[in-house]
Amino acid sequence: MTLPSAGPPEPTTATAKDPVCGMSVTPGKARGGSATHAGHEYWFCNPRCREKFVADPERYLAEHTSAASSHGHGPAAHGAQAHRAHAHGTVEAISLPGSAFTCPMHPEVRSPTAGDCPDCGMALEPDVPAVSTEYVCPMHPEVVQREPGSCPICGMALEPRTAALDDDHPELRDMTRRLAVSAVLTAPLVVQSMAEMLGAPVGHGLSPGALAWIQLALATPVVAWAGAPLFARGARSIVRRKLNMFTLIAIGIAAAYGFSVIALVAGGALPDAFRGHGGAPALYFEPAAVITTLVLVGQVLELRARRATGSAIRALLGLAPRTARRIADDGSEHEIPLAQVARGDRLRVRPGEKLPVDGVVLDGRGAIDEAMVTGEPIPVEKAAGDRVIGGTVNGTGGLVIRAERVGSETVLAQIVRMVGEAQRSRAPIQRLADVVAAYFVPAVLACAAVTFAVWAVVGPTPALVYALVNAVAVLIIACPCALGLATPMSIMVGTGRGATAGVLVKHAEALEVLERVTTLVLDKTGTLTEGKPRLAEVELLGEPALSADQLLHHAASLERGSEHPLAEAIVAGAAARGIALSPPADLVSVPGKGVTGRVDGVRVALGNRALLDQLGIPEPAIAASRAEAMRERGQTAMYAVIDGALVGLISVADPIKPSARDAIGALRADGIRLVMLTGDSRTTAAAVARELGIAPRDTIAEVLPADKAAAITRLRADGRIVAMAGDGVNDAPALAAAHVGIAMATGSDVAIESAGITLLGGDLRGLVRARRLSRGTMRNIRQNLVFAFAYNLLGVPIAAGVLYPLFGVLLSPMIASAAMSASSVSVIGNALRLRRLPL
């Protein structure tokens with residue numbers, strides 16, 4: 027699997043649009059390659075988009091042209107709004123701030139600020155078109171629509187795909203309004219009923235008939251208007267043959283209210299079995315209104331609780347400031363909206379302010395609090411040349427930064443996107459609830475029918491009244507909303523909690539499997555170690571005619587043109603010692619061996635033993651001994667050759683991360699077998715393993731990146747549940763081969779495609795936090811499922827009247843309605859406890 031680049035995009039790199047999905051891509055570097063049509067070359071974000079285009083280019087060019095025309099985009103225009111191409115071909119728009127303005131008539135005219143086109147005078151439009159909010163079902167994430175409403179499968183209220191800072195929820199507003207009206211009209215019905223039970227006078231002389239018509243007048247708006255969404259969802263479920271909780275609610279309320287209307291208008295036509303002791307049929311306007319009101323109470327509480335599950339995303343969104351202070355070319359400073367910040371802008375960040383975008387420090391020093399992004403509470407010192415992350419807080423000192431990632435490119439935007447995707451994913455444990463739910467509603471309808479029939483045949487007088495009341499109670503109490511909410515609510519809250527602790531979960535399955543992991547494979551470089559080698563030793567051999575600094579001068583001069591991490595370490599080490607470098611000549615890189623060339627007129631070579639063999643230079647015993655000693659200290663030894671003679675050794679070491687020892691100790695105490703996997707020499711790997719307390723049998727060294735996946739496969743073949751932690755670059759095949767891939771993100775790019783879980787900041791203690799998150803979330807899900815199953819297993823028989831023969835106890839439909847609403851709220855309330863899960 028190809029991974030996104032870990033480094034920031036070049037500020038001046040031109041971009042193009044993928045004609046299939048609309049994503050901004052860099053020509054020459056696009057992962058999907060290119061295709062030529064009608065003499066024009068098009069670039070693609072992934073191979074699948076390219077395949078679609080090649081199969082039918084005219085279709086996508088027509089769509090691309092139409093979309094560009096309607097949204098004010100030309101073919102070359104590119105905005106800060108990112109699009110993600112899904113495997114099934116749909117495109118998800120990330121509604122985040124843009125970075126430029128474009129003329130709708132002249133797309134080549136672009137400006138970082140709003141204004142008019144110099145060619146035609148038209149107002150420039152933002153690159154990010156207004157994207158309407160998409161609404162999804164928390165139980166069925168495949169259900170997506172542009173307007174708020176209800177799910178056609180389960181009937182639950184849809185919620186915004188992405189949380190917003192304004193926290194607006196139209197469905198909650200509507201339900202709250204209906205509840206208020208319903209409560210006002212239902213209250214007199216409850217008072218009248220209680221007065222009758224206590225024998226108090228009712229109606230001040232009004233006849234029973236007049237009181238009955240008053241009940242009808244009060245109950246009708248409650249049922250017909252306030253309860254209209256409940257009936258609409260119930261009717262839709264029947265029409266579409268997707269029976270759900272609202273099927274039961276609608277039938278139950280309609281039965282109580284409809285019977286009461288018939289009894290009031292044509293009571294004389296009803297059988298005697300429906301008549302009470304006074305000879306008149308009983309009316310159930312009050313139960314119908316109370317049930318409606320209680321269901322609305324449950325809906326409002328549920329919607330409020332579900333809104334709380336998005337608090338983590340809203341907290342992340344709130345990290346980004348609304349404005350930024352941009353420094354103009356003349357040195358003046360102006361406060362501008364965040365959407366107007368463009369790549370390359372110089373921005374001033376004062377003490378106590380939030381960094382607006384990702385960038386590089388140009389001037390100043392400051393202690394940056396990155397806790398909400400990486401989970402680490404200790405501020406990080408930043409100076410010129412250091413990278414900073416948008417949304418973090420500059421605690422002390424003023425900074426001037428250069429903006430490098432804006433809008434949807436920022437780390438914060440990637441985190442928000444990943445958390446949102448994880449919250450909509452489905453854990454394997456959800457399949458159990460799905461299977462039960464598929465048969466549950468038909469079974470409840472059958473149970474209600476049996477209850478009615480049994481009471482009608484053997485019940486006391488009036489038998490049909492008892493039959494109707496108990497059947498309605500069964501329908502109401504058995505609503506499977508708690509069962510459906512048990513898993514998705516815990517996943518939503520758990521993944522949000524993880525994001526605030528620097529643990530990003532890509533999909534719920536990874537979170538579930540992580541709990542059962544028995545073996546954790548750790549890549550050495552970049553995972554256990556810093557991944558930033560440093561010059562360790564410079565050692566002369568024999569009786570050389572040059573000093574150690576002179577040897578380092580030649581070696582660093584030779585390596586100054588290389589981008590290899592070891593070369594960078596040598597060059598940085600020479601700079602730290604104040605050694606001036608010379609330009610190399612005749613530079614030749616020998617893959618896997620080293621580099622040769624000329625420095626100051628002499629031939630220089632630097633590399634491993636294989637390079638010595640290629641040059642035909644023997645390795646003296648003392649050189650072999652000292653090189654092995656370096657490797658035993660965890661260093662990488664390189665041989666330095668000048669004018670054909672082996673003159674010294676230069677070693678580079680990759681320091682072990684300070685958090686590695688604590689993390690490994692905690693994981694080992696948790697019963698996990700730890701395996702180190704590396705491409706380094708066995709001696710170097712053994713030294714690192716020995717320092718970290720990893721057993722020799724669990725150290726796998728000298729493994730090429732392509733062979734790491736095979737090592738994971740062998741461990742899986744032994745029956746182990748394997749997790750792999752790597753840096754997400756050369757470890758991609760191994761991350762994909764493991765049951766759970768864990769990527770160590772350094773903050774430059776968190777969208778690691780091969781990993782199910784990403785640890786921000788690259789801190790190994792995040793592995794411990796991820797394990798705790800997995801256990802806590804799965805424990806919470808199991809609690810919810812047990813409660814939901816137990817509630818229905820106990821509630822349905824009681825509502826059917828099984829306790830009546832022994833204790834004379836019947837469950838009122840109103841109590842059943844209250845219990846049904848309480849069950850849903852209880853499940854969500856339990857899920858919300860994950861927000862306080864200690865990690």
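Residue numbers 27 to 865, in my numbering, belong to the letters of the sequence shown in order. Virtual Cβ for every residue (Gly too), placed ideally from N, Cα, C. Keep in mind the model is a prediction, meaning the values are calculated, not measured.
Roughly how many angstroms separate the alpha carbons of Leu509 and Ile415, rounded to a whole number?
-> When rounded, the distance between both Cα atoms is 41 Å.
Is the distance from the Cβ of Ile275 to the Cβ of Leu256 below 7 Å?
-> Yes.
Helix, strand or coil for Lys550 per DSSP?
-> Of the three classes helix, strand and coil, the one that applies to Lys550 here is helix, per DSSP.
Give me the Cα-Cα distance between Arg330 and Ile807, rounded to the nearest whole angstrom.
-> If you draw a straight line from the Cα of Arg330 to the Cα of Ile807, it comes to about 20 Å.
Just list the alpha helix (DSSP H) runs in the region 569–656, keeping only unbroken ones of 4 residues or longer that don't cross its boundaries, in chain order.
-> Annotation: the region 569–656 contains the following complete segments of the alpha helix (DSSP H) (minimum length 4 residues), in chain order: 574–585, 591–602 and 635–641.
Considering only residues of the region 306–364, which uninterrupted alpha helix (DSSP H) runs meet the minimum length of 4 residues and lie entirely inside it, listed in chain order?
-> The DSSP assignment places 311–335 and 337–343 as complete runs of the alpha helix (DSSP H) inside the region 306–364, in order along the chain (cut-off: 4 residues).
Buried/exposed call for Ser96, threshold 16 Cβ in 10 Å | Reliability fails at Ser96, whose pLDDT of 37 lies under 50, so the model's placement of it is uncertain and the value that follows must be treated cautiously. The residue in question, Ser96, is exposed, as its Cβ has fewer than 16 Cβ neighbours within 10 Å.
Where does Ser125 land, buried or exposed, given buried means 16+ other C-beta within 10 angstroms?
-> In this predicted model, Ser125 has a pLDDT of only 42, less than 50, meaning its place in the structure is not dependable; the value taken from the coordinates is given anyway. Buried, since its Cβ has 16 or more Cβ neighbours within 10 Å.
Give the secondary structure of Leu381 by DSSP, where H, G and I count as helix, E and B as strand, and everything else as coil.
-> Looking at Leu381 - three-state DSSP - the assignment turns out to be coil, as it is neither helix nor strand.
Use the C-beta contact count for Pro307: other C-beta atoms within 10 angstroms, 16 or more gives buried, fewer gives exposed.
-> Buried.
Would you mind listing the alpha helix (DSSP H) stretches within the region 502–532 that are 4+ residues and don't spill past its ends, in chain order?
-> Here the runs fully enclosed are 507–526.
Under three-state DSSP, which class holds Leu829?
-> Reduced to three states, the DSSP call for Leu829 is coil.
At 3 residues or longer, and completely inside the region 719–761: list those beta strand (DSSP E) runs for me, N to C.
-> List check, beta strand (DSSP E) in window: 748–752.
Could you tell me whether the Cβ atoms of Thr553 and Ala751 are closer together than 7 Å?
-> Yes.
Contacting residues, own chain, Cβ-Cβ under 6 Å from Ser451 (five flanking each side not counted) | Taken in chain order, the residues that qualify are His533 and Ala534.
In or out: Ala636 buried (at least 16 other Cβ within 10 Å) or exposed?
-> The residue in question, Ala636, is exposed, as its Cβ has fewer than 16 Cβ neighbours within 10 Å.
Proximal residues to Leu837 (C-beta, below 6 Å), its chain only, five neighbours per side dropped = Cβ within range, chain order: Ala499, Ile824 and Ala825.
Ile288, enclosing alpha helix (DSSP H) - first and last residue = Looking at the DSSP string, the run of the alpha helix (DSSP H) that includes Ile288 is Met271 to Ala292.
Beta carbon of Ala61 nearer than 7 Å to that of Val80 = Yes, these two residues count as a Cβ contact at 7 Å.
Grab me the residues of Val8's own chain with a C-beta within less than 7 Å of its C-beta, minus the 5 sequence neighbours each way, in chain order.
-> Look at the range of the chain in this structure, 27 to 865, and you will see that residue 8 is not part of it.
Taking 7 Å as the cut-off, decide whether the C-beta atoms of Ala689 and Val794 are in contact.
-> Val794 sits close to Ala689, with the two beta carbons spaced by under 7 Å.
Closest by CA to Pro167, which one among Ala715, Leu811, Arg657 and Ala448?
-> The residue among Ala715, Leu811, Arg657 and Ala448 with its C-alpha nearest the C-alpha of Pro167 is Ala448.
Pick out whichever of Pro214, Thr513 and Ile502 has its Cα sitting closest to the Cα of Ile317.
-> Ranking the options by Cα distance to Ile317, first place goes to Ile502.
Identify, in the order they occur along the chain, each residue of the same chain with its Cβ nearer than 8 Å to the Cβ of Ser489, setting aside the five sequence neighbours on each side.
-> Looking at the sequence provided, one finds Ala at residue 489 rather than Ser. Taking C-beta separations shorter than 8 Å and ignoring five residues to either side along the sequence, the partners of Ala489 in its chain run Ala299, Trp481, Ala482 and Val483, following chain order.
Would you mind working out which of Thr739, Ala595 and Lys408 sits nearest Ala763, comparing C-alpha positions?
-> It is Thr739 whose Cα lies nearest to the Cα of Ala763.
In terms of residues, what are the limits of the beta strand (DSSP E) holding Gln661?
-> In the DSSP assignment, Gln661 falls within the beta strand (DSSP E) that extends over Gln661 to Ile668.
Bridge partner(s) assigned by DSSP for Glu867 | The requested residue 867 does not occur in the structure, where the chain is confined to residues 27 to 865.
Is the beta carbon of Ile427 less than 7 Å from the beta carbon of Val387?
-> Yes, the pair counts as a contact, with Cβ atoms nearer than the cut-off.
Start-to-end residues for the beta strand (DSSP E) that takes in Thr477 | Segment Gln456 to Val484 is the alpha helix (DSSP H) holding Thr477; no beta strand (DSSP E) there.
State yes or no: is the C-beta of Thr622 within less than 7 Å of the C-beta of Ala631?
-> Their beta carbons are under 7 Å apart, which means Thr622 touches Ala631 by this criterion.
Return the residue from the list Ala469, Ala504, Gln366 and Leu244 that minimises the CA-CA distance to Leu1.
-> No information on residue 1 is available, as it lies outside the stretch 27 to 865 that the chain covers here.
So, is His590 buried or exposed, given that buried needs 16 or more other C-beta atoms within 10 angstroms?
-> Counting Cβ neighbours within 10 Å, His590 comes out exposed, since fewer than 16 surround it.
Considering only residues of the same chain and omitting the five flanking positions on each side of His579, which have a CB-CB separation below 6 Å?
-> Excluding residues up to 5 positions away in sequence, Ile605 lie with their Cβ nearer than 6 Å to the Cβ of His579 in the same chain.
Taking only the alpha-carbon atoms, compute the straight-line gap between Ile747 and Arg542 and give it to the nearest angstrom.
-> Straight-line Cα distance between these residues: approximately 7 Å.
Residue range of the beta strand (DSSP E) that Arg374 falls in?
-> DSSP places Arg374 inside the beta strand (DSSP E), whose first and last residues are Arg372 to Val375.
Residue span of the beta strand (DSSP E) that contains Ser60, given as start and end | From DSSP, the beta strand (DSSP E) with Ser60 extends over Ser60 to His63.
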